[in-house]
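Residues are numbered in our numbering as their position in the sequence shown, beginning at 1, plus a constant of 4. A short worksheet on the structure shown next.
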Amino acid sequence: NEDVSAPLAGGARPRIAILREEGVNGQVEMAAAFERAGFSAFDVHMSDILSARVSLADFHGIAACGGFSYGDVLGAGEGWSKSILYNARAFDEFSAFFERADSFGLGICNGCQMMSNLSQMIPGAADWPHFVRNQSEQFEARFVMAEVLQSNSLFLDGMQGSMLPVVVAHGEGRTEPRGSSSEALLQKQLALCRCRGQTQRSLSAEPEWLGPGSEWLLQQRWSLHHPDAAPGTHFSSHTEFLVSARVGRIWPVDAHLP
């Protein structure tokens, strides 16, 4: 029941634009998160900016949502970003917003990919990487342990050293450096998190095996949700499991498999 959101000074509720493009579907969750953190969230579609119905001058922050915009067919956030870079009204709106000293932006999922392509108009973003298609040429999902690093992030301030379990899922999550290597980004404290532990094997190559690092997640599903588990059945978090993607069943490796 602990409220872990950081209190905002003076009870202020800064206005934040929950930004979306056609096809994006994460705006409701994004707005709910910011409302609970003490902001006043407003639904803003790109068409609102392009038609001048809404101005970013009225907001302290923008949060670009995830859920694969239709413009993503051109690549990771490419279509969405080009609607800003190659439209005079949108270009001026976003440029002025990022030049302000009292503004901030957050990009999640497709919104993160989109914002990475706006590096030319965002001060201090010259070293941001470019997102490209996974080397496997497949949509990939992972359950990773992320370590929060020392940085000047507005959102992760005071969380350095925290270890957070995070689900990641993407078709275009590989980063292509623009100006700096991963080592340079770490040295400049521009990297916010890094994954810890072993990397899982490609699910497309071996669809019935999830390697070390997934045991905790699968153990929870088995002990809490598996309909065939005997009453009182318990498996340690170190148990490895076989997964059949074809029938959606989970078994411990030492169990009798049907």
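Even for Gly, the Cβ is constructed at its ideal location relative to N, Cα and C. Here the structure is a predicted model, which means the values were calculated and not measured.
Using 9 Å as the threshold, is the C-beta distance between residue i and residue j below it?
i: R93; j: N138; result: no
i: A28; j: F72; result: It is Val, not Ala, that sits at residue 28 in the sequence shown. Yes; because the gap between Cβ atoms is below 9 Å, this pair is in contact.
i: R19; j: H49; result: no
i: F135; j: E180; result: yes
i: D106; j: S184; result: no
i: I53; j: S59; result: yes
i: A129; j: V171; result: no
i: I112; j: G165; result: no
i: A68; j: W84; result: yes
i: D47; j: I88; result: no
i: P127; j: F102; result: yes
i: A45; j: M34; result: yes
i: Y90; j: E26; result: no
i: G109; j: F143; result: no
For residue i, does the count of other Cβ atoms within 10 angstroms reach 16, so buried, or fall short, so exposed?
i: R104; result: exposed
i: R24; result: buried
i: Q124; result: exposed
i: G14; result: exposed
i: L12; result: exposed
i: A173; result: exposed
i: M3; result: Because the chain here runs from 5 to 262, residue 3 falls outside it and cannot be looked at.
i: E141; result: exposed
i: E6; result: exposed
i: S43; result: Sequence inspection shows Phe at residue 43; the Ser mentioned does not correspond to that position. The residue in question, F43, is buried, as its Cβ has 16 or more Cβ neighbours within 10 Å.
i: V148; result: buried
i: L228; result: Interpretation of L228 is limited by its pLDDT of 34, a score under 50 that renders its predicted location unreliable; no figure is taken from the coordinates.
Just verifying my parser: in three-state terms, what is the DSSP assignment at residue i?
i: V28; result: coil
i: E180; result: strand
i: P18; result: coil
i: F46; result: strand
i: R93; result: helix
i: E151; result: strand
i: A61; result: helix
i: L12; result: coil
i: M167; result: strand
i: L110; result: strand
i: L158; result: coil
i: A67; result: strand
i: F72; result: coil
i: N5; result: coil
i: W220; result: Because W220 sits at a pLDDT of 34, beneath the cut-off of 50, its placement in the model cannot be relied upon, and the following sentence gives the value as read from the coordinates. In this structure, W220 counts as helix in the three-state DSSP scheme.
Using DSSP's beta-bridge definition, name the partner residues of residue i.
i: M118; result: DSSP lists no partner for M118.
i: C197; result: V152
i: V77; result: Note: V77 sits in no beta bridge, so no partner.
i: A145; result: A173
i: F135; result: T179
i: L189; result: Note: L189 sits in no beta bridge, so no partner.
i: L54; result: Paired residue(s): none; L54 is not in a bridge.
Meets three-Cβ-pair contact criterion under 8 Å: the segment 117-135 and the segment 78-87: Between the segment 117-135 and the segment 78-87, the count of C-beta pairs closer than 8 Å reaches three or more; the two stretches touch.
Kindly confirm or deny that the segment 152-161 and the segment 182-201 touch, where touching means at least three C-beta pairs closer than 8 Å. With a cut-off of 8 Å, the segment 182-201 and the segment 152-161 count as touching, because enough Cβ pairs lie within range.
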